[in-house]
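Add 63 to the 1-based position in the sequence shown for my numbering, that's all there is to it. We put the beta carbon where it would ideally sit given N, CA and C, even for glycine. Contents: one structure, followed by commentary.
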Amino acid sequence: MWYKMVSMPRKILHLDLDAFFCAVEEQRNPSLRGKPFAVGGMPGERGVISSASYPARRCGVRSAMPTSRALNLCPQLIVVASRHEVYREVSARVMQHMANLTPLVEQISIDEAFMDVSDLPQPGVEIARKLQAEIREQLGLPCSIGIATNKLVAKTATDIGKANHRSEGPPNAILEVPPGQEAAFMAPLPIQALWGIGPKTAEFLKTFGVRTIGDLPRLPEAQLAHHFGKNGPELAMRARGIDNRPVEVFHAAKSISQEVTFERDIRERKQLERTLRSLAEGVGYRLRQDKLAGSTIRIKLRWADFTTLTRQVTLDRPTDQDGIIFEAAAALFETAWPPGRPVRLLGVGVSSLGPRLRQLSLWDNSTEKEHRLLEALDDLRQRYGDQIILRGSELEDNGDR
């Protein structure tokens, strides 16, 4: 007797902790609840907002915004200093709750993860409700969950569920896209809701009448290939809600860092900045080789008397790019280094690591263009050595014109 094997649809959950840093701070200080506040650096220290409460968001305050601008938009804003060690500990507890349900958990940031619960008999919505209630009751944290047959649609469901939230406070949204409804769910959404489509691409596609995700697959394949290269067919496939990527269990290194101890203590700003850039490039190179990205940038300074200090900042999204790492490290250095003070050791590190997520649309995204350039330079260095590429400032310092 012959038996026909039937492939059951996958059940993928995407969990996103709502205003995570702020939720943790409200636990520590309940008087913050209902008030416009943000987690981030102080304005006098070139601070940046890491997370904003929902009352603050209604005033226009957003993550990655300079704190000084946030205070202009919302003068009553309360700014709370970041406590990233605490956030990491709480995040680990959330991930453990997910791992208690299934070992197939893929953490993609400190407050976001996928899980594959295809082997569990309960419906996806039931699993999501139970998990959401458990995290709220045991950890005091709100979260939103998207449910679908693949990662792309599950994450989009989370985003749409949160966007549809209209009342005050955290969304606590749960939105399921039933099997077979992926294309219908994606089709009416604005084209920029598709992962990989940035503002420039969205504006360009409007010239061809593409305003919704459902409009994209209607473009001729040759036209998609012309504008998006090898990613064109894949982009059309994603627009139909097709995504076969597995949930990948990933155990990342805790951090990647480089540091240098100078033969003599250095007090010259230019030399210290050149060293900082070189260290950032080294860390970026290692991240790309390991296909990792991290969101927490850290510097380490040791003075002539062997006193050591560290400073760190968490970005709104993970990176493996030299320039972004250097800019964050340079800003930290500026706040920590008294001009002229001799430096014995200088270090740069990146933590909160995870697998790098590539955008689908590469042709006009400046971040992806930079990444392709860095990969080309990495290839040259691997073939011909580190000195094959030098910055113009390095040539000038060596007297070469």
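{"Query": "Compare the beta carbon distance of residue 203 and residue 90 with 8 Å and say whether it is the shorter of the two.", "Result": "yes"}
{"Query": "Of the choices 332, 215, 79 and 112, whose alpha-carbon is the least far from that of residue 161?", "Result": "79"}
{"Query": "If we call anything under 8 Å between Cβ atoms a contact, is residue 358 one with residue 339?", "Result": "no"}
{"Query": "Out of 365, 327, 319 and 361, state which residue places its alpha-carbon closest to the alpha-carbon of residue 345.", "Result": "319"}
{"Query": "Using 8 Å as the threshold, is the C-beta distance between residue 133 and residue 143 below it?", "Result": "no"}
{"Query": "Going by CA-CA distance only, name the one from 140, 327 and 332 that's closest to residue 85.", "Result": "140"}
{"Query": "Which first and last residues belong to the alpha helix (DSSP H) in which residue 85 is found?", "Result": "83-91"}
{"Query": "CA-CA distance, residue 244 and residue 187?", "Result": "15 Å"}
{"Query": "Given a cut-off of 8 Å on the beta-carbon distance, is the pair residue 287 and residue 258 in contact?", "Result": "no"}
{"Query": "Count the C-beta pairs between the region 273-289 and the region 249-263 that are closer than 8 Å, then say yes if the count reaches three, no if not.", "Result": "yes"}
{"Query": "Among 184, 105 and 128, which residue has its Cα nearest to the Cα of residue 145?", "Result": "105"}
{"Query": "Out of 406, 196 and 213, which has the shortest C-alpha to C-alpha gap to residue 71?", "Result": "213"}
{"Query": "In this structure, does DSSP put residue 397 in helix, strand or coil?", "Result": "helix"}
{"Query": "Just verifying my parser: in three-state terms, what is the DSSP assignment at residue 278?", "Result": "helix"}
{"Query": "Which two residues bound the contiguous alpha helix (DSSP H) that contains residue 324?", "Result": "Per DSSP, residue 324 belongs to no alpha helix (DSSP H); it is in the beta strand (DSSP E), 318-329."}
{"Query": "List the DSSP bridge partners of residue 366.", "Result": "406"}
{"Query": "If you count every other CB in all the chains shown that lies within 10 Å of the CB of residue 369, and 16 or more means buried, which is it?", "Result": "exposed"}
{"Query": "Apart from the five residues just before and just after residue 403, which ones in its own chain have a Cβ nearer than 6 Å to its Cβ?", "Result": "330"}
{"Query": "With DSSP as the reference, identify every bridge partner of residue 114, one or two as the case may be.", "Result": "102"}
{"Query": "Could you tell me the alpha carbon to alpha carbon distance between residue 219 and residue 349, rounded to whole angstroms?", "Result": "31 Å"}
{"Query": "Of the choices 333, 395 and 419, whose alpha-carbon is the least far from that of residue 311?", "Result": "419"}
{"Query": "Please go through the same chain and pick out, in chain order, the residues whose beta-carbon is closer than 7 Å to the beta-carbon of residue 174, but skip the five residues on each side of it.", "Result": "79, 80, 83 and 154"}
{"Query": "Does the beta-carbon distance from residue 208 to residue 77 come in below 8 Å?", "Result": "yes"}
{"Query": "Whose CA, out of 381, 360 and 137, lies closest to the CA of residue 374?", "Result": "360"}
{"Query": "Where does residue 415 land, buried or exposed, given buried means 16+ other C-beta within 10 angstroms?", "Result": "buried"}
{"Query": "Terminal residues of the continuous beta strand (DSSP E) containing residue 79?", "Result": "75-80"}
{"Query": "Buried or exposed: residue 391, going by 16 or more other Cβ atoms within 10 Å of its Cβ?", "Result": "buried"}
{"Query": "What residues in its chain sit with their C-beta under 8 Å from that of residue 272, if we drop five residues either side in the sequence?", "Result": "278"}
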